[in-house]
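So the sequence shown is residues 119 to 300, counted in our numbering.
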Amino acid sequence: MQTYKLLAELLDYPNRELVGELDNAVTAHGTALVWLAEIDRDDVFSPADRQAIAAFIDALVAQDATEREAAYVATFDMVPDHSLHLTHHLFGDDKNRGPALIDLSEYYKSFGFTHEETEIPDFLPLMLEFVSQLDVQGAKVFLADVAKIFTVLAQNLEKAGSPYAPLIRILETHGTLTRLAA
Numbered sequence: 119m120q121t122y123k124l125l126a127e128l129l130d131y132p133n134r135e136l137v138g139e140l141d142n143a144v145t146a147h148g149t150a151l152v153w154l155a156e157i158d159r160d161d162v163f164s165p166a167d168r169q170a171i172a173a174f175i176d177a178l179v180a181q182d183a184t185e186r187e188a189a190y191v192a193t194f195d196m197v198p199d200h201s202l203h204l205t206h207h208l209f210g211d212d213k214n215r216g217p218a219l220i221d222l223s224e225y226y227k228s229f230g231f232t233h234e235e236t237e238i239p240d241f242l243p244l245m246l247e248f249v250s251q252l253d254v255q256g257a258k259v260f261l262a263d264v265a266k267i268f269t270v271l272a273q274n275l276e277k278a279g280s281p282y283a284p285l286i287r288i289l290e291t292h293g294t295l296t297r298l299a300a
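Encoded structure:
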């Protein structure tokens with residue numbers, strides 16, 4: 119599911135290479151929305167979800183590189199309540215976080231998904247890379263396990279007026295139990 123892979127990239131550090139690829143893809147398809155419709159052939163995401171993602175991409179591409187990178191660092195690296203390391207929202211720096219990270223790595227391995235040993239497995243972009251390899255139902259179940267964290271993270275980002283908040287809200291809605299029944 120390429121849309122989850124795209125969300126992983128959008129929530130990762132916005133380096134020049136990534137933004138250049140986004141700009142090229144949007145230019146080749148005319149608009150971000152047209153490109154997203156092509157990526158989301160399984161209609162995993164609603165038209166409103168696609169619209170929010172497209173608006174985010176358009177804003178990201180239009181931003182100055184230094185400004186974009188500084189905003190990302192200020193948002194995610196300087197404010198613990200905005201951390202993309204999801205177990206931080208459950209455990210903080212508690213010693214129980216370590217076993218949770220090990221369990222998550224083992225869970226990935228049980229699906230044949232491997233990651234660099236230097237990557238912390240609860241980093242949301244990495245988690246979304248994993249989700250992108252699951253089927254639709256598997257993705258919903260996995261996201262449901264962290265939906266409450268998405269709620270807290272989205273609220274924190276909304277309070278700060280972050281443009282990343284809508285992306286987290288999309289993930290939250292894809293992990294709710296009502297979506298699992300759909």
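By construction, the Cβ of each residue, glycine as well, lies at the ideal position given by its N, Cα and C atoms.
- Please state if the CB of residue 255 and the CB of residue 231 are separated by a distance shorter than 8 Å. Position 113 of the sequence shown, counting from 1, holds the residue named residue 231. Position 137 of the sequence shown, counting from 1, holds the residue named residue 255. Contact: no.
- Query: Which first and last residues belong to the alpha helix (DSSP H) in which residue 188 is found?
  - Reply: Taking the sequence shown and counting its residues from 1, the one referred to as residue 188 is at position 70. Here the alpha helix (DSSP H) through residue 188 covers 183 to 190.
- Query: First and last residue of the alpha helix (DSSP H) that includes residue 201?
  - Reply: Along the sequence shown, one-based indexing puts residue 201 at 83. Residue 201 -> no alpha helix (DSSP H), and no H or E assigned at all.
- Message: Please tell me whether residue 197 and residue 144 are closer than 8 Å, where the distance is taken between their beta carbons.
- Response: Residue numbering aside, residue 197 sits at position 79 when the sequence shown is read from its first letter. Residue numbering aside, residue 144 sits at position 26 when the sequence shown is read from its first letter. Contact: no.
- Item | Proximal residues to residue 183 (C-beta, below 6 Å), its chain only, five neighbours per side dropped | On the sequence shown, residue 183 is found 65 positions in, with the first residue counted as 1. Closer than 6 Å at the Cβ level, and outside the excluded window around residue 183, lie 134.
- Query: By Cβ distance below 6 Å, which residues in the same chain neighbour residue 176 in space, the five residues on each side in sequence not counted?
  - Reply: If you number the sequence shown from 1, residue 176 lands on position 58. Excluding positions up to five away in sequence, the list reads 150.
- Message: Going by the DSSP bridge assignment, what does residue 241 pair with across the sheet?
- Response: For the purposes of this step, residue 241 is taken as the residue at position 123 of the sequence shown. Residue 241 is bridged to 203.
- Using the Cα positions of residue 130 and residue 159, report the straight-line distance between them to the nearest angstrom. Position 12 of the sequence shown, counted from the start, is the residue given in the question as residue 130. Position 41 of the sequence shown, counted from the start, is the residue given in the question as residue 159. Taking the straight line joining both Cα atoms gives about 23 Å.
- Mind reading off the beta-carbon distance from residue 249 to residue 257? Whole number of angstroms is fine, and I expect it under 8 Å. Counting from 1 along the sequence shown, the entry for residue 249 is found at position 131. Counting from 1 along the sequence shown, the entry for residue 257 is found at position 139. Confirmed, Cβ separation roughly 5 Å.
- So what's residue 258 in DSSP terms, helix, strand or just coil? Here residue 258 refers to the residue found at position 140 of the sequence shown. Reduced to three states, the DSSP call for residue 258 is helix.
- Query: What number of angstroms, rounded off, separates the C-alpha of residue 157 from the C-alpha of residue 277?
  - Reply: Position 39 of the sequence shown, counted from the first residue, corresponds to residue 157. Position 159 of the sequence shown, counted from the first residue, corresponds to residue 277. Answer to the nearest angstrom: the Cα atoms are 31 Å apart.
- Give the range of the alpha helix (DSSP H) segment to which residue 266 is assigned. By one-based count along the sequence shown, residue 266 stands at place 148. Element bounds for residue 266: 265 to 277.
- Task: Alpha carbon to alpha carbon, how far is residue 172 from residue 187? Give it in angstroms, no decimals.
- Result: Position 69 of the sequence shown, counted from the first residue, corresponds to residue 187. Position 54 of the sequence shown, counted from the first residue, corresponds to residue 172. Spanning the two alpha carbons is a distance of roughly 19 Å.
- Would you report the Cα separation of residue 192 and residue 201, rounded to the nearest angstrom? Numbered from 1 along the sequence shown, position 74 holds the residue referred to as residue 192. Numbered from 1 along the sequence shown, position 83 holds the residue referred to as residue 201. Answer to the nearest angstrom: the Cα atoms are 11 Å apart.
- Query: Hey, how far is the Cα of residue 174 from the Cα of residue 210?
  - Reply: On the sequence shown, residue 174 is found 56 positions in, with the first residue counted as 1. On the sequence shown, residue 210 is found 92 positions in, with the first residue counted as 1. If you draw a straight line from the Cα of residue 174 to the Cα of residue 210, it is about 29 Å long.
- Task: Please classify residue 289: is it buried, with 16 or more other beta-carbons within 10 angstroms of its beta-carbon, or exposed?
- Result: Walking along the sequence shown from the start, residue 289 turns up at place 171. Burial call: buried.
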